[in-house]
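> One structure coming up, written as structure tokens, with questions to follow.
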Amino acid sequence: VRCMAAQRALDEPLYALGLPRGRAAAVAGAGVIEGDGGPAAGASDGLRTCYILHGLLGTHKNWVGYAKLLGKTFPGWRFVLPDLRNHGRSPFKDGPHSLAACARDVMALFDVHGVPDSVIGHSLGGKVALQLVNELRGADAMPAGGLTVWCLDAIPGAVPLSAVETPATESVSKVLEFVKDIRLPIQSRAWLKREVEARGFTGSIGAWLASNVTRHVSDSAGGGSIDRRGDAGTGAASDEHVWSFDPDAAADLMMDYMESDLWHVLDGAASGAGGLKLRMVLAEFSSRWQNEELAKRVASLEAQAARAPQSALHFHRLPKSGHWVHVDNPQGLLQAFQSSGLG
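full-length UniProt numbering puts the sequence shown at residues 1 to 343.
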């Protein structure tokens, strides 16, 4: 079975890391990081399952380090880290690219890695997690034991421009414009960091983008291809790089993120709609929550939840953190998970 899984993994998203062993075991579909004492891979061995969904232009690698911390803190859990569509090692897919399509991609992993007890989603991944609730309810497939969703610094509704354009040079749209302007292949990660800063972005944006490239591989005919497995295959690896995501698909996903309205998922949780616990994490310094309209909507939901004893909605305000919550305040985020429970 392991051999078959390893073969399938060559064409599917990720691979597995076992804790505390640190050894790699290939499985199809997603990266799995398990808590202390668990086996290296498997979908039904007594551990509870949590999926972690990364943000736009990212990959599962952005969350591997934090998933290891969660694995040590919550030893009864396994953590499944898929790459969202047309990001990282996920199989290339044609459009339309939408939150619903991403959610259905995640659902397709359930047969391999188990139905989640909890889903953690950051930014785009957070809104995909909310859409996942829609898809599961529409298919009458909510987990029998309920589902806990942690939505990390993602706006549930249609996004006011003022919520993402502050400061202008840090906005997602500006970053996407930069990504599309860059001529491929990229000379090196160091060159990319310099180019990012020369365009007026911060060093942290440069480091983030540089972490989301992969080596360019030239084939024997002198052409090029994206190495989506992290090895050279039959081609020759170089120091040049390409993006580990499809910029066009990313632009479509960003547009759907901006236009989709999922406030009703929060409304349902606030009134205690069955089967869902919803935890919203709002970063103190994130520009997303400085919009007056959003602030009023959040305050209204908090008041609604406070009036309903059966409410399953809770807001965590993460201090000393910008949008990159697991990097800016990892211990504060961990305390939020511990206080409300991962599942």
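Each residue gets a CB set at the ideal place from its N, CA and C atoms; glycine is no exception.
Which one of L136, R307, V175 and D45 has the shortest CA to CA distance from G58?
G58 has its Cα closest to that of V175, out of L136, R307, V175 and D45.
> Let me know if G343 comes out buried or exposed under the rule of 16 or more other beta-carbons within 10 Å of its beta-carbon.
Classification of G343: buried, given that the 10 Å Cβ count is 16 or more.
> The ligand GTP and K174: does the residue's C-beta get closer than 8 Å to at least one heavy atom of that ligand?
The ligand content of the structure shown is nil, which means the ligand GTP is not present either.
> Identify the residues that DSSP records as bridge partners of I155: which are they?
DSSP lists no partner for I155.
> Taking all protein chains shown into account, do 16 or more other C-beta atoms lie within 10 angstroms of the C-beta of L136, making it buried, or fewer, making it exposed?
Buried.
> Based on Cα-Cα distance, which residue from E195, Q338, A249 and H316 lies nearest to L124?
L124 has its Cα closest to that of A249, out of E195, Q338, A249 and H316.
> With a 10 Å radius around its C-beta and 16 neighbouring C-beta atoms as the bar for buried, classify K127 as buried or exposed.
Buried, because 16 or more other Cβ atoms sit within 10 Å of the Cβ of K127.
> Any idea what DSSP makes of E240, helix, strand or coil?
Strand at E240.
> Could you check whether L266 and L318 sit closer than 9 Å to each other, using their CB atoms as the reference points?
Against a cut-off of 9 Å, the Cβ pair of L266 and L318 comes out as no contact.
> If we ignore side chains and look at the alpha-carbon of each, how far apart do R215 and Q338 end up?
One C-alpha to the other measures close to 38 Å.
> Can you give the Cα-Cα distance for R183 and V64, rounded to whole angstroms?
Taking the straight line from one Cα to the other gives about 29 Å.
> In three-state terms, what does DSSP make of R89?
It is coil, neither helix nor strand.
> Over what stretch of residues does the alpha helix (DSSP H) that includes residue 345 continue unbroken?
The question about residue 345 has no answer here: the residues shown for the chain are numbered 1 through 343.
> For the segment 241 to 261 against the segment 92 to 101, are there 3 or more C-beta pairs whose distance is under 8 Å?
In short, these stretches touch, since the Cβ pair count reaches three.
> Who are Y51's beta bridge partners in DSSP?
Paired residue(s): V80 and V119.
> Evaluate P116 with the Cβ neighbour count: other Cβ atoms within 10 Å of its Cβ, from every protein chain shown; 16 or more gives buried, anything less gives exposed.
Buried, because 16 or more other Cβ atoms sit within 10 Å of the Cβ of P116.
> Let me confirm a value: A312 is counted as buried when at least 16 other C-beta atoms fall within 10 Å, else exposed. Which label applies?
That one is buried.
> Based on DSSP bridge pairs, tell me the residues matched to K277.
Paired residue(s): T148.
> Taking one C-beta from the segment 296 to 303 and one from the segment 254 to 262 each time, how about it: are there three or more such pairs within less than 8 Å?
Not touching, per the Cβ criterion.
> What does DSSP give as the partner residues of H264 in its beta bridges?
Answer is none; H264 lacks a bridge partner.
> Pull up the CB-CB distance for L84 and C102, whole angstroms please, since I reckon it's below 8 Å.
Sure, about 5 Å apart at Cβ, within 8 Å.
> Excluding the 5 residues flanking A270 on each side, which residues of the same chain have their C-beta closer than 7 Å to its C-beta?
So the qualifying residues of the chain are L301, Q304, A305, A308, S311 and L313.
> In chain order, what residues of the same chain lie with their CB nearer than 6 Å to the CB of G46, ignoring the 5 residues before and after it?
Excluding positions up to five away in sequence, the list is empty.
> Quick check: the Cα distance between R89 and S286, rounded to an integer number of angstroms?
Near 29 Å, if we compare the C-alpha coordinates of S286 and R89.
> For S244, count the other beta carbons within 10 Å of its own beta carbon; 16 or more makes it buried, fewer makes it exposed. Which is it?
S244 is buried by the Cβ-count criterion.
> By the 10 Å Cβ neighbour count, where 16 or more other Cβ atoms means buried, how is F92 classified, buried or exposed?
Exposed: under 16 other Cβ atoms inside 10 Å.
> Which value, in whole angstroms, describes the spacing of the CA atoms of G146 and A273?
Approximately 11 Å between the Cα atoms of the pair.
> Count the other CB atoms, across all protein chains shown, that sit within 10 Å of the CB of W324; report buried if there are 16 or more and exposed otherwise.
Looking at its Cβ environment, which holds 16 or more other Cβ atoms inside 10 Å, W324 is buried.
> So, with DSSP's three-state summary, where would you put A139?
DSSP places A139 in coil when its eight states are reduced to three.
> H316 bridges to which residues according to DSSP?
H316 pairs with V281.
> Mind checking whether V106 and P75 have CB atoms under 9 Å apart?
Not in contact: V106 and P75 (Cβ atoms no closer than 9 Å).
> Just curious, the alpha helix (DSSP H) that R189 is in, first and last residue?
That run of the alpha helix (DSSP H) goes R189 to A198.
> Rounding to the nearest angstrom, what Cα-Cα distance links T49 and L70 in this structure?
Near 12 Å, if we compare the C-alpha coordinates of L70 and T49.
> Around the C-beta of T202, are 16 or more other C-beta atoms found within 10 angstroms, so that it is buried, or is it exposed?
Exposed, since its Cβ has fewer than 16 Cβ neighbours within 10 Å.
> Classify D111 as buried or exposed, calling it buried when 16 or more other Cβ atoms lie within 10 Å of its own Cβ.
That one is exposed.
> Within the continuous alpha helix (DSSP H) that includes T73, where are the two ends?
Run containing T73: K61 to T73, per the alpha helix (DSSP H) assignment.
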